[in-house]
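**Student:** What follows is a structure written as structure tokens; I'll ask about it next.
In the UniProt record's numbering, the protein residues as written are 1 to 268.
In structure tokens, the structure reads:
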């Protein structure tokens, strides 16, 4: 299935005085889930608790932003399984269906791999579960598609205990801010958008509360000025009297499945 991405709402934010990087293209080729023979070999070395060989730890981002149909997320392993410079790690972790490539990370004789994050990846916090990890340098191990019994007994390989890191996945959001002054009256207009996984495009983030903040010129501390709520178009505005030159920004907090965002600063 071919999926598309539209970013028609990004220029509307840019018109408010914000510079945004448009989402990049989709991720590349999907990684393969290891064959049944290799998975069987991994399972035969899956440690139920501590292992005399130590640990094999998946290093994966604790947070991930869905902002396009596909994103290649670099991951790696550390610990006993990654000590050899010639990258002899065979290891797997999964967060959903263990036969789904988008829910599986496989280290195939390497200490580095890629997690393919898609717009249809379930949102929320999920725990990576170990599928088995070993250092193939400890003894010859089967390659992809080979006989798992070849190369010696499975008991000769070093099986490692695996960690269970958690990753929170939410869609990304962006905010813009424009300001104007007429005499002592300052008017602020903001617009906020978020990524839609159902449409694979950016849409207005309607009904979201943002906090307009200000600081004196040259200062570092921000002070809350006004809470505003975006309308159906993702727009909110506020006017007030102030003769002092100030920096302004709008901060939108995160929601259950949407990461928060802060607009660029505008001086007025």
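Idealized CB from N, CA, C, for every residue including glycine.
These numbers were taken from a predicted model, which means no experiment stands behind them.
Measuring alpha carbon to alpha carbon, tell me which of 74, 79, 62, 112 ends up nearest residue 55.
**Tutor:** Comparing Cα-Cα distances from residue 55 to each of 74, 79, 62, 112, the minimum goes to 79.
**Student:** Can you check whether the C-beta of residue 126 is within less than 7 Å of a C-beta belonging to chain C?
**Tutor:** Protein chains in the displayed structure number just one, and chain C is not present.
**Student:** Hey, how far is the Cα of residue 195 from the Cα of residue 120?
**Tutor:** The straight-line gap from Cα to Cα measures roughly 12 Å.
**Student:** Keeping to the same chain, check which residues put their C-beta closer than 6 Å to that of residue 265; ignore five residues upstream and five downstream.
**Tutor:** Around residue 265: 247, 249.
**Student:** Drop a sphere of 10 angstroms on the beta-carbon of residue 267, count the other beta-carbons inside from all chains shown, and report buried for 16 or more, exposed for fewer.
**Tutor:** Answer is exposed; the Cβ neighbour count stays below 16.
**Student:** Thinking residue 130 and residue 45 are a contact (beta carbons under 8 Å), I'd like their distance in whole angstroms, please.
**Tutor:** Not confirmed; about 11 Å, so no contact.
**Student:** On the three-state DSSP scale, how would you describe residue 255?
**Tutor:** DSSP places residue 255 in coil when its eight states are reduced to three.
**Student:** Sorted by chain position, which residues of the same chain lie with C-beta nearer than 7 Å to residue 88's C-beta, five sequence neighbours on each side aside?
**Tutor:** Closer than 7 Å at the Cβ level, and outside the excluded window around residue 88, lie 109, 135, 136, 137.
**Student:** Out of curiosity, what's the CA-to-CA distance linking residue 62 and residue 168?
**Tutor:** Straight-line Cα distance between these residues: approximately 6 Å.
**Student:** Use the C-beta contact count for residue 50: other C-beta atoms within 10 angstroms, 16 or more gives buried, fewer gives exposed.
**Tutor:** By the neighbour-count rule (16 or more Cβ atoms within 10 Å), residue 50 is not buried but exposed.
**Student:** Here's the rule: buried if 16 or more other CB atoms are within 10 angstroms of the residue's CB, otherwise exposed. What is residue 142?
**Tutor:** For residue 142, the predicted structure reports a pLDDT of 43, less than 50, and the residue's modelled location is therefore unreliable. The matter cannot be settled from this model.
**Student:** Would you identify the three-state DSSP class for residue 58, choosing helix, strand or coil?
**Tutor:** Three-state DSSP puts residue 58 in a strand.
**Student:** If you draw a straight line from the C-alpha of residue 186 to the C-alpha of residue 219, how long is it?
**Tutor:** About 19 Å.
**Student:** Would residue 4 be called buried (16 or more neighbouring beta carbons within 10 Å of its own) or exposed?
**Tutor:** In this prediction, residue 4 has a pLDDT of 29, which is less than 50 and means its spatial position is unreliable; nothing more can be read from the coordinates.
**Student:** How is residue 38 classed by DSSP in three states: helix, strand or coil?
**Tutor:** Residue 38: helix per DSSP, three-state reduction.
**Student:** How is residue 80 classed by DSSP in three states: helix, strand or coil?
**Tutor:** Note: residue 80 maps to helix in three-state DSSP.
**Student:** What are the boundary residues of the beta strand (DSSP E) that includes residue 93?
**Tutor:** It spans 89-94 - the beta strand (DSSP E) in which residue 93 sits, taken as one unbroken run.
**Student:** Going by DSSP, what residue range makes up the beta strand (DSSP E) through residue 115?
**Tutor:** Segment 112-118, the beta strand (DSSP E) holding residue 115.
**Student:** Going by Cα to Cα distance, which pick from 33, 244, 260 is closest to residue 346?
**Tutor:** Since the first and last residues shown for the chain are 1 and 268, residue 346 lies out of range.
**Student:** Among 170, 132, 243, whose alpha-carbon lies nearest the alpha-carbon of residue 161?
**Tutor:** The shortest Cα separation from residue 161 among 170, 132, 243 belongs to 132.
**Student:** What first and last residue would you give for the beta strand (DSSP E) that runs through residue 227?
**Tutor:** Start and end: 223-229.
**Student:** At the level of alpha carbons, what is the spacing between residue 183 and residue 225?
**Tutor:** Distance between the alpha carbons of residue 183 and residue 225 is about 19 Å.
**Student:** Helix, strand or coil for residue 217? Go by DSSP, reduced to three states.
**Tutor:** Three-state result, residue 217: coil.
**Student:** Comparing alpha-carbon positions, which option in 175, 221, 188, 211 lies nearest residue 203?
**Tutor:** Closest option to residue 203, Cα to Cα, is 175.
**Student:** Which residues does DSSP list as the beta-bridge partners of residue 101?
**Tutor:** DSSP output for residue 101 lists no bridge partner at all.
**Student:** Looking only at its chain, what residues have a beta carbon closer than 7 Å to the beta carbon of residue 236, apart from the 5 residues adjacent to it on each side?
**Tutor:** Closer than 7 Å at Cβ, skipping near neighbours: 190, 210, 228, 229, 230.
**Student:** So is residue 256 buried or exposed if we call it buried at 16+ other beta carbons inside 10 Å?
**Tutor:** That one is exposed.
**Student:** So what's residue 7 in DSSP terms, helix, strand or just coil?
**Tutor:** Its pLDDT being 29, under 50, residue 7 is placed unreliably by the model, and nothing is read from it.
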